[in-house]
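Novice:
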Amino acid sequence: ANAVPSLCGIPLKYLSLLTLAVQNSALTIIMHYSRVSTPASQAYSAATAVLMTELLKGTISLIIAFSRIDSTPAGYEPLTPHLASQRPLSRLNTRLRKLGSEVFSPDCWKLSIPAILYVIQNNLQYMAASNLDAATFQVTYQMKILTTAAFSVILLRKKLSPSQWLSLLLLALGVGIVQLQAVSNKITPGSSVLVGAHDMNPMKGFLAVTAACFTSGLAGVYFEMVLKNTPSDLWIRNVQLSLFSLLPALAPIIYEYHNNIDQTGKGVFEGLFMNFGVLAWATVLVQVLGGLITAVVIKYSDNILKGFATSLSIVFSFLASVALFSFHMSITFVLGSAVVLIATWLYNQHPARVTESFTWLKSS
Ligand code: C5P
Numbered sequence: 031a032n033a034v035p036s037l038c039g040i041p042l043k044y045l046s047l048l049t050l051a052v053q054n055s056a057l058t059i060i061m062h063y064s065r066v067s068t069p070a071s072q073a074y075s076a077a078t079a080v081l082m083t084e085l086l087k088g089t090i091s092l093i094i095a096f097s098r099i100d101s102t103p104a105g106y107e108p109l110t111p112h113l114a115s116q117r118p119l120s121r122l123n124t125r126l127r128k129l130g131s132e133v134f135s136p137d138c139w140k141l142s143i144p145a146i147l148y149v150i151q152n153n154l155q156y157m158a159a160s161n162l163d164a165a166t167f168q169v170t171y172q173m174k175i176l177t178t179a180a181f182s183v184i185l186l187r188k189k190l191s192p193s194q195w196l197s198l199l200l201l202a203l204g205v206g207i208v209q210l211q212a213v214s215n216k217i218t219p220g221s222s223v224l225v226g227a228h229d230m231n232p233m234k235g236f237l238a239v240t241a242a243c244f245t246s247g248l249a250g251v252y253f254e255m256v257l258k259n260t261p262s263d264l265w266i267r268n269v270q271l272s273l274f275s276l277l278p279a280l281a282p283i284i285y286e287y288h289n290n291i292d293q294t295g296k297g298v299f300e301g302l303f304m305n306f307g308v309l310a311w312a313t314v315l316v317q318v319l320g321g322l323i324t325a326v327v328i329k330y331s332d333n334i335l336k337g338f339a340t341s342l343s344i345v346f347s348f349l350a351s352v353a354l355f356s357f358h359m360s361i362t363f364v365l366g367s368a369v370v371l372i373a374t375w376l377y378n379q380h381p382a383r384v385t386e387s388f389t390w391l392k393s394s
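Residue numbers for the sequence shown follow the UniProt record's numbering, so the first one is 31 and each next one is one higher.
(1) Between the beta-carbon of K174 and the beta-carbon of G235, is there less than 8 Å?
(2) Starting from the C-beta of I94, find all residues in its chain whose C-beta is less than 6 Å away, skip the five residues before and the five after it, and write them out in chain order.
(3) At 3 residues or longer, and completely inside the segment 305 to 369: list those beta strand (DSSP E) runs for me, N to C.
(4) Is I99 helix, strand or coil when you go by DSSP?
(5) Short check: CB of L185 to CB of V256, under 8 Å?
(6) Output yes or no for whether 8 Å exceeds the beta carbon distance between K84 and L302.
(7) Pick helix, strand or coil for P192, following the three-state DSSP scheme.
(8) Rank V345, R121, S64 and A281 by C-alpha distance to the C-alpha of Y156 and give the top, closest one.
(9) Using alpha carbons as the reference points, say which of A281, G307, L309 and V318 lies closest to G88.
(10) Whole-angstrom Cβ separation of L322 and I90, contact assumed at under 8 Å?
(11) Is the segment 187 to 202 close to the segment 373 to 380, with three or more CB pairs under 8 Å?
(12) I need the boundaries of the alpha helix (DSSP H) containing N54, first residue and last residue.
(13) If you draw a straight line from the C-alpha of L162 to the C-alpha of M230, how long is it?
(14) For my contact list, L335 and L81 are in at a C-beta cut-off of 8 Å; report their separation, rounded to the angstrom.
(15) From V52 to E254, what does the alpha carbon distance come to, in whole angstroms?
(16) Taking Cβ to Cβ, would you say V314 is nearer than 8 Å to L86?
(17) Are there 16 or more other CB atoms within 10 angstroms of the CB of T158, so buried, or fewer, so exposed?
(18) Residues in the same chain with beta-carbon distance under 8 Å from T245, minus the five sequence neighbours each way, listed in chain order, please.
(19) Measuring straight from C-alpha to C-alpha, what distance separates residue 429 and N54?
(20) Measuring only the C-alpha atoms, how far is F338 from T68?
(21) Express the C-alpha separation of T178 and K43 in angstroms, rounding to a whole number.
(22) Could you tell me the alpha carbon to alpha carbon distance between L92 and L122, rounded to whole angstroms?
(23) Residues in the same chain with beta-carbon distance under 7 Å from A164, minus the five sequence neighbours each way, listed in chain order, please.
(24) So what does L37 bridge to, in DSSP terms?
(25) Round the Cβ separation of Y171 and V66 to the nearest angstrom and send it over; I've been treating them as touching at under 8 Å.
(26) Here's the rule: buried if 16 or more other CB atoms are within 10 angstroms of the residue's CB, otherwise exposed. What is I328?
(27) Give the range of the alpha helix (DSSP H) segment to which Q155 is assigned.
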């Protein structure tokens, strides 16, 4: 079992869940704002944002992983006179070699699957945020709980109680009710669109969220399996995740560049960061923070509890949307959100137990 550390007396488990809830609402709002506040022709590249997120997250994880590696060379007893007298430069060398061998461990390929899934998901998230209002996106994204449960049952062999199955049905129902709101917003233009500069397509947004829910469930459960069935450090796993993300994150950028090079005549770098302003960077930073907290939450809690934390963020986003975006609060939205919250509460009444986990992941 993992020893759960604490910060200022608060267990990291609860601290990370609460931070994740706040981060989730901040991300929903800032991402939506950054996408719809300009006409589509002046939008920044979502693919660049995803790549920047991975680079930053990977660098931070690498620094943390490095700081956690001690400089004891394999085969030496700690505190031998030899070690104590090691020069700083050779200590650094030892630590760097250790870091390298841990990052490029024989089982690092296991992270390639969640890495590819998360890159797809992160791109889909931008598409969804561009086409749905912040609160509708937030509530619809709760279908993650459904897919996470399904993948937990299939891959982790989790057993769900009848009340948990019922709560999953309620969740789908609640999300459906909230969808009615999205459709009515489309009929009444401007009722929930923040600035109105960007045309939103709720159907496209809904399809993107649905696909993102599948990758979220699968990637989350897969990451949890790797993390909990193998001894490697969380931060080393994060570095591996970011490394494997680089190639799929670069793919759409190369594609976009090849398609647009003739029209814009801009250089690679200029093209990458076209319209990439303060809001785009703010979205990237909040996304980086979210990735790091998500990793901590999956380590010290699990994906099910993560679902609970993010459903809390519905309330935060909802209130913020009303205050900031004059979000049109219809009875359907309130009813749908209430059903989603009740479903989440019901789901967490009797947490599922893992009965069996994938044993093949235990061997590297
Ligand atoms: O919505 P969901 O909780 O599935 O989102 C997970 C997010 O956290 C994704 O953006 C993913 O890239 C990020 N993540 C991460 N590092 C992990 C696990 C998830 O950056 N170890």
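Every residue gets a Cβ at the ideal spot worked out from N, C-alpha and C, and that includes glycine.
Specialist: With the given structure in hand:
(1) Contact check for K174 against G235 fails: the beta carbons are separated by 8 Å or more.
(2) Excluding positions up to five away in sequence, the list reads W265.
(3) Within the segment 305 to 369, no complete beta strand (DSSP E) run reaches 3 residues.
(4) Here DSSP, grouped into helix, strand and coil, assigns I99 to coil.
(5) With contacts defined as CB atoms closer than 8 Å, L185 and V256 fail to qualify as a contacting pair.
(6) Here residue 84 turns out to be Glu, not Lys, going by the sequence shown. Their beta carbons are not under 8 Å apart, which means E84 does not touch L302 by this criterion.
(7) Helix.
(8) For the set V345, R121, S64 and A281, the Cα lying nearest the Cα of Y156 is the one of S64.
(9) Comparing Cα-Cα distances from G88 to each of A281, G307, L309 and V318, the minimum goes to V318.
(10) That belief holds up - the Cβ atoms of L322 and I90 are roughly 7 Å apart, short of 8 Å.
(11) A contact exists between the segment 187 to 202 and the segment 373 to 380.
(12) Taken as a continuous stretch (DSSP letters only), the alpha helix (DSSP H) holding N54 covers L42 to V66.
(13) Between L162 and M230, the C-alpha separation is close to 6 Å.
(14) Actually they are not in contact, since the Cβ atoms of L335 and L81 sit about 30 Å apart, beyond 8 Å.
(15) Cα to Cα, V52 sits roughly 22 Å from E254.
(16) Remark: C-beta atoms of V314 and L86 approach each other more closely than 8 Å.
(17) Residue 158 is actually Ala in this sequence, not Thr. The residue in question, A158, is buried, as its Cβ has 16 or more Cβ neighbours within 10 Å.
(18) So the qualifying residues of the chain are L147, Y148, I150, Q151 and L154.
(19) With the chain represented from 31 up to 394, any question about residue 429 goes unanswered, as that position is not in the structure.
(20) When the Cα atoms are used, F338 and T68 turn out to be separated by approximately 33 Å.
(21) If I take the Cα positions, the gap works out to 19 Å.
(22) Cα to Cα, L92 sits roughly 15 Å from L122.
(23) So the list reads T58, I59, H62, S347, S351 and F355, once near-sequence residues are dropped.
(24) Beta bridge pairing from DSSP links L37 with I40.
(25) Not a contact, Cβ separation roughly 17 Å.
(26) So I328 ends up on the buried side.
(27) That run of the alpha helix (DSSP H) goes S142 to N161.
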